[in-house]
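Heads up: the structure comes next, in structure tokens.
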Amino acid sequence: MKFPGFDPNTKLAAVYYNCGTPPHLFRIRDDVTLSGLKDELDQINRQLNHKDTRRVVGVEYRCPLSDSAGSLRFSRMKLKNDGDVRTMFSVFGQHSTRGLIELDALLVRSDEQILKSLHRTRNYKEIRALLEGSEEEEISLDDP
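Here is the structure:
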């Protein structure tokens with residue numbers, strides 16, 4: 033039986049942004065690169081939160097581990113390169129016949145966004161010069 037639009041080269045994945053809940057489900061291609069995965073996660077976040085300017089800077093795989101008693105626990109595997117992404121698919125394939133890949137994505141603001149949000153501080157001489165200016169002029173402590 034064939035399902036229209038289904039790609040057998042994909043796996044179902046759940047992403048948790050900044051360890052939040054609930055997870056967001058999406059399909060991930062088996063041949064994705066780390067850069068491509070981060071881009072996909074950025075797109076999903078922008079679709080969910082239109083005004084959010086944060087970007088994905090880190091991704092961790094919740095790697096399933098089973099002990100000799102057969103109990104399952106999870107370990108976090110930081111994805112640092114494309115080889116780590118391939119390893120994630122390999123480990124997932126060995127431990128899971130059903131289920132989904134669970135990822136944690138770390139979102140942070142870019143340097144430019146942080147700088148835009150900061151107010152410029154002034155030193156004593158600058159503030160004194162503003163206060164000693166002409167009384168007719170409007171005094172502003174905001175950036176010129």
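Residue numbers (the working numbering): 33 to 176. C-beta: ideal position from N, C-alpha, C; glycine also. If you're wondering where the values come from, they're calculated on a predicted model, not measured in any experiment.
Taking only the alpha-carbon atoms, compute the straight-line gap between Ser122 and Glu72 and give it to the nearest angstrom.
-> Rounded to the nearest angstrom, the two C-alpha atoms are 20 Å apart.
Helix, strand or coil at Arg160 [DSSP, three-state] = It is helical.
Of the choices Gln75, Pro96, Asp39 and Arg87, whose alpha-carbon is the least far from that of Arg105?
-> For the options Gln75, Pro96, Asp39 and Arg87, the alpha carbon positioned closest to that of Arg105 is the one of Pro96.
Curious, which full-length beta strand (DSSP E) runs of at least 3 residues does the region 92-131 contain?
-> Taking only runs of at least 3 residues, the beta strand (DSSP E) segments lying wholly in the region 92-131 are 104-110.
What residue from Val88, Tyr93 and Asn77 has the CA that sits closest to Leu132's CA?
-> That would be Tyr93, whose Cα lies nearest to the Cα of Leu132.
Return the chain-ordered list of same chain residues with a C-beta closer than 6 Å to the C-beta of Ala161, the five sequence neighbours on each side being excluded.
-> For Ala161, where only same-chain residues beyond five positions count, there are no Cβ hits under 6 Å.
Note down, in chain order, each residue of its chain lying with its Cβ closer than 8 Å to the Cβ of Ala45, except the 5 sequence neighbours on either side.
-> Around Ala45: Leu57, Phe58, Arg59, Ile60, Leu132, Ile133, Glu134 and Leu135.
Extent of the continuous beta strand (DSSP E) to which Arg61 belongs = Here the beta strand (DSSP E) through Arg61 covers His56 to Arg61.
Report yes if the CB atom of Arg78 is closer than 7 Å to the CB atom of Arg141, and no otherwise.
-> Contact check for Arg78 against Arg141 fails: the beta carbons are separated by 7 Å or more.
For Lys157, collect the residues of the same chain with a Cβ closer than 6 Å to its Cβ; drop the 5 residues on either side in sequence, then sort them by chain order.
-> Within the same chain, no residue comes within 6 Å of Lys157 by CB-CB distance, once the 5 residues on both sides are set aside.
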